[in-house]
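Q: For the protein sequence lines, the chains are A and B, in the order given.
Start counting the first sequence at 1; every next residue gets the next number (the numbering used here).
Start counting the second sequence at 1001; every next residue gets the next number (the numbering used here).
All C-beta atoms in this analysis are idealised placements derived from N, C-alpha and C, irrespective of residue type, glycine included.
No experiment lies behind these values; they were computed from the predicted model shown.
There are 2 protein chains.
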Amino acid sequence: MVKKYRLGNPIETDSVVVSIQEEKSTIPYFDIVQGKNELRFDMDENDHVFGLGETVRGINKRGYIFTSKCADDPNHTEDKRSLYAAQNFFVIWGNGKGFGMYVDTPGCVSFDIGYTDTNVFFIEFEDFDANIYVIDGASILDIVKEFRGIIGKSYIPPRWAFGFGQSRWSYMNEDQVREVVDNYDKNDIPIDSVYLDIDYMERYKDFTVSDERFPDFKAFVEEMKKRNIHLVPIIDAGVKIEEGYDVYEEGVKNDYFCKKENGENLVAAVWPGKVHFPDFLNEDARKWFGDKYKVLLDYGIDGFWNDMNEPAIFYTEDHLKEVFEKIKEYEGKNLDIRSFFDMQGMVGGLANNDEDYRRFYHEYKGKRYRHDKVHNLFGYNMTRAAGEAFERLSPDKRILMFSRSSYIGMHRYGGVWCGDNKSWWSHLLLNIQQMTALNMCGFIYSGADVGGFGADVTEDLLLRWAEFGIFTPLFRNHSAEGTRRQEFYRFTDTESFRNISKLRYALIPYLYSEFMNAVDNDEMLFRPLCFDHPEDDMAYEVEDQLYVGSSIMIAPVYKQNANGRYVYLPEDMKLCRFRSYNDYDVEVLGKGHHYVKAALNEVLVFIKKGHELPLATPASRTEDIDYNNLNYERF
Amino acid sequence: MVKKYRLGNPIETDSVVVSIQEEKSTIPYFDIVQGKNELRFDMDENDHVFGLGETVRGINKRGYIFTSKCADDPNHTEDKRSLYAAQNFFVIWGNGKGFGMYVDTPGCVSFDIGYTDTNVFFIEFEDFDANIYVIDGASILDIVKEFRGIIGKSYIPPRWAFGFGQSRWSYMNEDQVREVVDNYDKNDIPIDSVYLDIDYMERYKDFTVSDERFPDFKAFVEEMKKRNIHLVPIIDAGVKIEEGYDVYEEGVKNDYFCKKENGENLVAAVWPGKVHFPDFLNEDARKWFGDKYKVLLDYGIDGFWNDMNEPAIFYTEDHLKEVFEKIKEYEGKNLDIRSFFDMQGMVGGLANNDEDYRRFYHEYKGKRYRHDKVHNLFGYNMTRAAGEAFERLSPDKRILMFSRSSYIGMHRYGGVWCGDNKSWWSHLLLNIQQMTALNMCGFIYSGADVGGFGADVTEDLLLRWAEFGIFTPLFRNHSAEGTRRQEFYRFTDTESFRNISKLRYALIPYLYSEFMNAVDNDEMLFRPLCFDHPEDDMAYEVEDQLYVGSSIMIAPVYKQNANGRYVYLPEDMKLCRFRSYNDYDVEVLGKGHHYVKAALNEVLVFIKKGHELPLATPASRTEDIDYNNLNYERF
């Protein structure tokens, strides 16, 4: 049962696709705090809070404050209040009852869930305008399903996108891409795609391909396609300012770029240097930008990732000028230390500066909005531009699309990856924990960079991360410039990487079918134990095991040097300890606590009673998986 | 059995106090890698590596690379190779045998423990000069004891330093300090000391007290002393350049400051603005600086913490000039993005810049050394300056002293705190894990900032952290300027903070006696389970439980929203679940795995068979604890 309430004058986000009549009564559960832009809910000691999509910390969100303000911040430490996403749906559940709430506002909003006051949940609005959807249901899963019912079906990628993808910032040319594919094939490690990061472009211009690095891109795409390898280029939000560059010139001519208050196009700097930002909120601009993907579709490309769309801003032209002026004032002075830090902070703070987000405007649904008021819709509408275009340009063929920034609604047009994480064990755990909240908010095709993007990976971390990553729909190994190379074939224990990767391919029939079920029926592919066992107090304590689909539970190892882990079983299950798809031992374990051994090359999968896990014979490409010859492990 | 070997021409560090004849033979276990400044040891799969003092990651150091280069870096994320300390002692143990090694060199050295190659341990030297001590023994604890035997007895603080200390950057004046004490007393939460961070000084000048903020400091110290409160001021490494300031003028006159190559005193900037660094490695300068502590001792002060002694450098005068020049080159240019990042990195990279550490020199044992060659001795010798002075100035009274930067040898003159950690759950775990390696290296009086220094704490984190912190000799709550206030009385559940703090005071007789035993007999106060149970494979897996002294084991809860945790008992034990010193339930648990409930206000203590835990009746000050009336919980 979903009810809609209104606070102030909300800006429409198009995230809800079902027409729901507005209630005249006041919002239930939460009270408006007099004199403040705040809602307040007094939590019971037993209340758990789930949801909010891609955020830091655990599955139960109690005890911290999360701010929806899409942010390009690669340091996902536990004190961060904002990551790339704004996914304002949560469920409060305790003592056998609860409710869900979707706070639909494109502006900045904070969820203070016992941070300020341990047992109080405050929702703090920058502008007190929002559509509030309150969802009642008999269980957490019911509430999630109800919510998913109003936001429209989740994006479905092509099936090959369930294969493994190798990425790097950046494979610099044809030969480097070939080398990657050759090495995977030579080592008999399955792979379906190679990602092209920003350097494939000509001077970082969207919808161009460097003819130095990829002299005959069409032929190269074709060559790869013959090997059943999909190339997945990145698309950035900023359009390079360069005379003669068609995207730039068309955008200027048609007024498709975001403007400053004085009517000039905002000049920001991102990878290409100075850029304009397409006004993705403007329907005409969105259509225009979406059609640009055709350039790459025509090369034979059938997958993309949209990046830098919070939008990330390294600096704006105006702000940089101001900073240079101020630096002059500091120079020569006997800087006191606070002034020195001001100066350092000023230079360091040029990027993604709040002030810059107040320097430009959007034309949205016939009105002009300052960017910060609709900030969280930017990445969403960039991906919507692509998704709507694909429906026109490629109606019969699914195109892979996922985005860094997101807002609920975007889940209909693409998936997400969890952005620029790090090669940290704690980020492997974060990856595990984020999947459930992403699913609640409709983002089913999702995953994090396996092995971590920033910082240097170790072999054991990469292996353990792969052992979890094989269960996420998006299974991609990606890493940053300057960090240790982390393609699976670069380490000592190639055999284990091969076995783990092949296990993924053996699991694809199960994963794809469960994925489709989650999309079609508004279910969650990844579920915390307590969602399935609301009566089991212990199930609420478990933040590192997940149900994956209807038949299995996983318990990944995410600690360095660990040779096993504790597992809680809320019901009797059959443990399969996989070393490879056809080398595993099985053991029936009873409901309760267990310490389970898991060597570095072993994956723990638990099959539910009365269920079966189909296992295909792995192939080097998803296309070659024989769906008609599956083996079943049953319990 | 300790044997000494020589690599190249080592610089003497005075960390080993026993004269050991040098072996003529080659170093055992490790091989010299031809053509490189590296030693290599091929690890067995079962080898564990322990030690290295204050570093990131777990108790078993396998799987990462750690660099001894004392660093002022407040972001102790798991990718960091260097923290504040250089403590180059480790033990390799597996299959019932092993050895210890102490790599005694003041320069930069890296311990690549399976990072580059999973099963290989490389020691990489910047300069291939070191005294290498190889320690054989029948057990890890034997080896540690042997090692501790050659480095001299660990520092012992006054007994009041086992009481609770409250700190903040900064309590700005008398009234703010009084307010803290009043609030602790009003809320009946025990406290023995209040820390004075940098703002107590007059313009951040060492050995001065601001007479605006503390108009009659002597009287104020006296007032506090009457309440049995010890004020503990900070001392920073840099001496402010200011005409008329005696420390500055004496240092210049006597050539006690570190010089550049051209013979001028190095000008660096730290909190006071421009400073010179005393050359603590110069014996005369060390004595001179040490004697300066008398200024504060004469006020009645009997405790200090030495900070910024890596040394931290915000910038050097020369480097800042160069950067301003370079910025001019960037200005006005149509900055390409890489140049922009260069510019940003240049400004951000002014602090603690490697190049700056090559810009100044020390006079050490009759020779001149460029700073980077002896970098890791700087903080050590600052604290040695104080410790040696206290022996002269206060021979009959123990003075509290601990330091941020350290090297083995410094453990004889003071303890350490684990530097500028954060209000992160992961740093509570790090605190737990660091204690054992610190103890191995002789640092027994130690602890981390309870609640975390940087970032904003939450009530539950502070409570859980206090529940562990009550076991660490240094039990101090400290937090940074700009972060949420975190004195124990500022939260909702004052009762639990009171109970936990009182439990500390009830434990002091046990902790102090076990501390003294650890010091006197070269034992470890904190021990990983496997040190006591080398034959128990499972004990090696446990990285979040510790033996504390001879009679108890603790299992802190370090996860948000957790109401219990898994515990492994290597032997039968008696669990005491403390809500307060006189409200706890007991239960005998058998050897093996257990899931143990621990509500937010409960502390898990396990008593070993045949042992007893004495519990005092808590007092508001350590001085008032009645050691003659103890209750005993026995098993």
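1) Any residues in the stretch 411-439 of chain A with a beta carbon nearer than 8 Å to a beta carbon of chain B? Which ones, in chain order?
2) Could you name the residues of chain B that A:W271 contacts, counting a contact when the two beta carbons are closer than 8 Å?
3) Along chain A, in chain order, which residues have C-beta atoms closer than 7 Å to that of B:E1459?
4) Can you pull the DSSP bridge partners for B:W1417?
5) Along chain B, in chain order, which residues have C-beta atoms closer than 8 Å to that of A:V347?
6) Contact between the stretch 1476-1493 of chain B and the stretch 1175-1194 of chain B is defined here as three or more beta-carbon pairs at a separation below 8 Å; is this criterion met?
7) Is A:D197 helix, strand or coil when you go by DSSP?
8) What residues from chain A crowd round B:H1478, counting only those whose CB sits closer than 7 Å?
9) Can you confirm whether B:G1163, when its beta carbon is compared against all beta carbons of chain A, has any partner nearer than 8 Å?
10) The beta strand (DSSP E) that contains A:A616, what's its start and end?
11) Enumerate in chain order the residues of its own chain whose CB-to-CB distance from B:C1258 is below 8 Å, with the five nearest sequence positions on each side excluded.
12) Tell me, which residues are paired with B:L1007 by DSSP?
13) Tell me whether B:K1080 sits in a helix, a strand or coil according to DSSP, three-state version.
14) Suppose the cutoff is 6 Å on Cβ atoms and the five residues either side in sequence are ignored; what does the same chain contact list for A:D107 look like?
15) Put A:Q21 into one of helix, strand or coil per three-state DSSP.
16) Anyone know if the C-beta pair for B:F1041 and B:F1030 falls short of 8 Å?
17) Within the 8 Å Cβ cut-off, does B:N1455 reach chain A?
18) At a Cβ threshold of 8 Å, is B:I1327 touching chain A?
19) Checking 8 Å against the spacing of the C-beta atoms, do A:N228 and A:E623 come in under that value?
20) Among the residues of its own chain, which have a CB less than 7 Å from the CB of B:R1057, if the five just before and after it don't count?
21) Three or more C-beta pairs under 8 Å: does that hold for the stretch 1559-1571 of chain B against the stretch 1586-1605 of chain B?
22) When we look at the beta-carbon of B:S1019 and count the other beta-carbons within 10 Å, is it buried (16 or more) or exposed?
23) Is the CB of B:A1599 under 8 Å away from at least one CB in chain A?
24) When you compare only the Cα positions, how much space is there between A:E317 and A:E243?
25) Report the partner residues of B:L1546 according to the DSSP bridge assignment.
26) Have a look at B:S1167 and B:K1205 and give me their C-alpha separation to the nearest angstrom.
27) Which chain B residues sit within Cβ distance under 7 Å of A:Y115?
28) May I have the straight-line CA-CA distance separating A:Y200 from A:L320, to the nearest angstrom?
29) Starting from the N-terminal side, write out each stretch of the alpha helix (DSSP H) that is 4 residues or longer and does not extend beyond the stretch 485-542 of chain A.
30) The stretch 1562-1588 of chain B: which residues have C-beta closer than 7 Å to a C-beta of chain A, in chain order?
31) Which residues of the stretch 178-212 of chain A have a Cβ closer than 7 Å to any Cβ of chain B? Give them in chain order.
32) Closer than 8 Å is the cut-off here; do at least three beta carbon pairs connect the stretch 113-123 of chain A with the stretch 343-352 of chain A?
33) Quick check: the stretch 402-418 of chain A against the stretch 436-450 of chain A, are there 3 or more CB pairs under 8 Å?
34) With a threshold of 6 Å on Cβ separation, who are the neighbours of B:I1113 within its own chain once the five nearest residues in sequence on each side are excluded?
35) Since A:G244 meets chain D, which of its residues come closer than 8 Å, beta carbon to beta carbon?
36) Nearest by alpha-carbon distance to B:E1038: which of B:V1519, B:D1129, B:E1571, B:I1198 is it?
A: In short, the structure shows the following:
1) K422, S423, W424, W425, S426
2) If you number the first sequence from 1, residue 271 of chain A lands on position 271. Chain B residues near A:W271: I1337.
3) Position 459 of the second sequence, counting from 1, holds the residue named residue 1459 of chain B. The answer, in chain order, is T118.
4) In the second sequence, residue 1417 of chain B corresponds to position 417, counting from 1. In DSSP, B:W1417 forms a bridge with B:G1447.
5) As a first step, residue 347 of chain A is located in the first sequence; it is residue number 347 there, counting from the start. Going along chain B in sequence order, the residues near A:V347 (Cβ under 8 Å) are M1343, Q1344, V1347, G1348.
6) yes
7) Mapped onto the first sequence, residue 197 of chain A falls at position 197. Coil at A:D197, not helix or strand.
8) The residue labelled residue 1478 of chain B in the question sits at position 478 within the second sequence. Going along chain A, no residue has its Cβ under 7 Å from B:H1478, so there is no contact; the nearest lies around 17 Å.
9) For the purposes of this step, residue 1163 of chain B is taken as residue 163 along the second sequence, with counting starting at 1. False, the Cβ-Cβ gap to chain A never drops below 8 Å.
10) The count along the first sequence starts at 1 and reaches residue 616 of chain A at position 616. First-last of the beta strand (DSSP E) with A:A616: 612-616.
11) What you label residue 1258 of chain B is simply residue 258 of the second sequence in a count that begins at 1. Hits under 8 Å: N1265, L1266, H1276, F1277, P1278, D1279, F1360, Y1361, H1362, H1371.
12) Stepping through the second sequence from its first residue, residue 1007 of chain B is reached at position 7. DSSP output for B:L1007 lists B:A1130 as bridge partner(s).
13) One-based indexing of the second sequence puts residue 1080 of chain B at position 80. In the structure shown, B:K1080 sits in coil (DSSP, three-state: anything other than H, G, I, E or B).
14) Counting from 1 along the first sequence, the entry for residue 107 of chain A is found at position 107. Going by the sequence as given, residue 107 of chain A is Gly instead of Asp. Correct list, in chain order: E126, D127, K373.
15) Translated into positions along the first sequence, residue 21 of chain A becomes position 21. Coil, per DSSP.
16) Start at 1 with the first residue of the second sequence, and residue 1041 of chain B comes out as number 41. Start at 1 with the first residue of the second sequence, and residue 1030 of chain B comes out as number 30. Taking 8 Å as the Cβ cut-off, B:F1041 and B:F1030 qualify as a contacting pair.
17) If you number the second sequence from 1, residue 1455 of chain B lands on position 455. One point to set straight first is that residue 1455 of chain B is Ala, not Asn, in the sequence displayed. Answer yes: the Cβ-Cβ gap between B:A1455 and chain A drops below 8 Å somewhere.
18) One-based indexing of the second sequence puts residue 1327 of chain B at position 327. Output row for B:I1327: interface = yes.
19) Taking the first residue of the first sequence as position 1, residue 228 of chain A is located at position 228. Taking the first residue of the first sequence as position 1, residue 623 of chain A is located at position 623. Yes, these two residues count as a Cβ contact at 8 Å.
20) The count along the second sequence starts at 1 and reaches residue 1057 of chain B at position 57. Closer than 7 Å at Cβ, skipping near neighbours: Y1064, E1078.
21) yes
22) Translated into positions along the second sequence, residue 1019 of chain B becomes position 19. Classification of B:S1019: exposed, given that the 10 Å Cβ count is below 16.
23) The residue labelled residue 1599 of chain B in the question sits at position 599 within the second sequence. With 8 Å as the cut-off, B:A1599 does not count as an interface residue toward chain A.
24) In the first sequence, the residue the question calls residue 317 of chain A occupies position 317. In the first sequence, the residue the question calls residue 243 of chain A occupies position 243. Approximately 18 Å, taken between the alpha carbons.
25) For the purposes of this step, residue 1546 of chain B is taken as the residue at position 546 of the second sequence. DSSP, once it has assigned bridges, lists B:I1554 as partnering B:L1546.
26) Counting from 1 along the second sequence, the entry for residue 1167 of chain B is found at position 167. Counting from 1 along the second sequence, the entry for residue 1205 of chain B is found at position 205. For B:S1167 and B:K1205, the distance between alpha carbons rounds to 20 Å.
27) Walking along the first sequence from the start, residue 115 of chain A turns up at place 115. Here the neighbours are T1458.
28) The residue you call residue 200 of chain A lines up with position 200 of the first sequence. The residue you call residue 320 of chain A lines up with position 320 of the first sequence. Looking at the two C-alpha atoms, the distance is approximately 28 Å.
29) 494-520, 529-532, 537-541
30) A1562, N1563, G1564, Y1566
31) none
32) no
33) yes
34) Position 113 of the second sequence, counting from 1, holds the residue named residue 1113 of chain B. Around B:I1113: V1049, K1061, R1062, F1121.
35) The structure shown contains no chain D; its protein chains are A and B.
36) Within the second sequence, the letter at position 38 stands for residue 1038 of chain B. Out of B:V1519, B:D1129, B:E1571, B:I1198, B:D1129 has the C-alpha closest to the C-alpha of B:E1038.
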